[in-house]
Amino acid sequence: MPRLNTPFKIKNSEIKNRILRSATVESKTDFDGFVTDDLLELYYHLAVGGSGILITGAAAVEPAGKGFAQQICVFDDKYLPGLKKLADIVHEYGSGCKCAVQIFHQGTAGYGQAYGASERGYSLIDIRQEDIISTVKAFGQAARRVKDAGFDAVAVHGAHGYLLNQFLCSATNNRVDKWGGSLENRMRFSLEVYSAIRDQVGDEFPVFWKINTSDYIEGGNEIEQYARVAGTLAKMGVDLIELSGGVEKQVKLRARLSKEAGEHEAYFYWAVDAMKEAVSGTKTALAVTGGIRSLPAMEGLLKKGVDFIGLCRPLICEPALPNRMLNSPDKRQSKCTSCNKCFFHIARQPLKCREFDPFRSVLAGGAK
Ligand SMILES: Cc1cc2nc3c(=O)[nH]c(=O)nc-3n(C[C@H](O)[C@H](O)[C@H](O)COP(=O)(O)O)c2cc1C
3 MPRLNTPFKI KNSEIKNRIL RSATVESKTD FDGFVTDDLL ELYYHLAVGG SGILITGAAA
63 VEPAGKGFAQ QICVFDDKYL PGLKKLADIV HEYGSGCKCA VQIFHQGTAG YGQAYGASER
123 GYSLIDIRQE DIISTVKAFG QAARRVKDAG FDAVAVHGAH GYLLNQFLCS ATNNRVDKWG
183 GSLENRMRFS LEVYSAIRDQ VGDEFPVFWK INTSDYIEGG NEIEQYARVA GTLAKMGVDL
243 IELSGGVEKQ VKLRARLSKE AGEHEAYFYW AVDAMKEAVS GTKTALAVTG GIRSLPAMEG
303 LLKKGVDFIG LCRPLICEPA LPNRMLNSPD KRQSKCTSCN KCFFHIARQP LKCREFDPFR
363 SVLAGGAK
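The opening position of the sequence shown corresponds to residue 3 in our numbering, with each subsequent residue numbered one higher.
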């Protein structure tokens, strides 16, 4: 069994350990989407904290795809200088830490900024064909900027009820043309996005994909459908698939899933075998994210054949958790209580842990 400290090679990139910081909206750009010192400082702390690879918060591929007022933007070359600084800070201080940008489109779920969100009852069927095509291209261009800025990989947000997931999900895709209906048709948007990205970044640049294991809504997709999607993406050449789930009411859903997971902690532990089977025969790595807090749970996942352990909230309250767990005698589990206050916080304010502020506590001389 590989240990958490065992490096993993994806294309030409060696990831120094198996801890993957799962994408986390930072709400730390300025209101025009430009990288700020506050955002750079966060990535400095994450980089020195020991994760093998960091995935940034969701970055908008189009102005209409923004979901948060202060999220990273990748829809224009004007963002390149700031993005370059972000990649540089991780590489300069991270002792081999790698970094990917997660590219994202909010879809019809918008907070008043996405496709037609101001119109009541707006759904996928209302998107014009030419807008679908231009959004596909926007994903390709966004990936090209991620590569040009010097990042190590691009990650696609294909989960959680946002645009790619809306196309995939049988409950939200109400189109009757080639973009809707059968699973093959519902998958088309994701596959076109993948091809547009590959066209821009070439075969040697790693592409990651976050995907649901189940939508957890009536009429939504289950593992059978998502395993087929994962298998198709893996065969096409996606380098890493990160398992997640749910399209709505995430806070309630995760509380329930956490209880069900018991000692495994990982909400999507149950889906690992099916997803491993789906990607077998390809070089695609598997990551699992959600609920993982302790070393035994992480090691259990590696033993099961998972390649990367995805962490989001534990790294908000403790960016150096990987160093602590992997390289110090202190093996206690994450301090994160999964209270989700961070999740509500980012809607209006910069990301922070509301329970345990890592920087303030250090200055005050101790942990809570
Ligand atoms: C504050 C916050 C921001 C998040 N932002 C993103 C995001 O930008 N992209 C994404 O794919 N998931 C996002 N998520 C979901 C996490 O990546 C992760 O899947 C989820 O929190 C479960 O993992 P955890 O138990 O380690 O926190 C976010 C979650 C939180 C709490």
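Quick reminder that beta carbons are idealized off the backbone N, C-alpha and C, glycines included. In this text, all values refer to a predicted model and were calculated from it rather than measured experimentally.
Rounded straight-line distance, which links the Cα of residue j to that of residue i
i, j, result
"Ala369", "Phe358", "The predicted position of Ala369 is uncertain, since its pLDDT is 43 and thus under 50; no value can be drawn from it."
"Cys314", "Ile127", "33 angstroms"
"Asp79", "Ser15", "25 angstroms"
"Phe191", "Asp275", "26 angstroms"
"Ile21", "Met300", "9 angstroms"
"Pro331", "Asn325", "10 angstroms"
"Glu244", "Met3", "20 angstroms"
"Ser336", "Lys261", "17 angstroms"
"Asp154", "Tyr196", "17 angstroms"
"Phe141", "Thr38", "23 angstroms"
"Gly152", "Ala145", "11 angstroms"
"Cys101", "Trp181", "32 angstroms"
"Asp217", "Lys149", "31 angstroms"
"Gln375", "Glu132", "Only positions 3 to 370 of the chain appear in the structure, and residue 375 is not among them; the question remains open."
"Leu317", "Arg23", "7 angstroms"
"Asn175", "Lys212", "19 angstroms"
"Arg295", "Pro9", "21 angstroms"
Heavy atom of ligand 1 within 7 angstroms of residue i beta-carbon
i, result
"Ser136", "no"
"Gly109", "no"
"Gly104", "The question names Gly, yet the displayed sequence has Gln at residue 104. Yes, the beta carbon of Gln104 sits closer than 7 angstroms to at least one heavy atom of ligand 1."
"His47", "no"
"Cys314", "yes"
"Gly54", "no"
"His159", "yes"
"His162", "yes"
"Cys99", "no"
"Leu288", "no"
"Lys372", "Within the shown structure, residues of the chain are numbered from 3 to 370, placing residue 372 beyond reach of any answer."
"Phe191", "no"
"Cys355", "no"
Residue i (DSSP reduced to helix, strand or coil)
i, result
"Ala349", "coil"
"Phe169", "helix"
"Phe191", "helix"
"Thr31", "coil"
"Cys101", "strand"
"Ile134", "helix"
"Ala1", "With the chain covering 3 to 370 only, the question about residue 1 has no answer from this structure."
"Phe106", "strand"
"Ser246", "strand"
Burial state of residue i, where buried means 16 or more other Cβ atoms lie within 10 Å
i, result
"Pro83", "exposed"
"Glu186", "exposed"
"Ser136", "exposed"
"Ser97", "exposed"
"Arg130", "exposed"
"Lys68", "buried"
"Arg5", "exposed"
"Val76", "buried"
"Val231", "buried"
"Pro208", "buried"
"Asp32", "exposed"
Residues sharing a beta bridge with residue i, DSSP
i, result
"Leu22", "Ile55, Gly312"
"Lys11", "Glu16"
"Asn223", "Looking at the DSSP assignment, Asn223 forms no beta bridge with any residue, so it has no partner."
"Ala75", "One point to set straight first is that residue 75 is Cys, not Ala, in the sequence displayed. Bridge partners of Cys75: Ala62."
"His159", "Lys212"
Residue i CB to nearest heavy atom of ligand 3 below 7 angstroms
i, result
"Ala60", "Because ligand 3 does not appear in the structure shown, any question about it cannot be addressed here, the ligands present being ligand 1."
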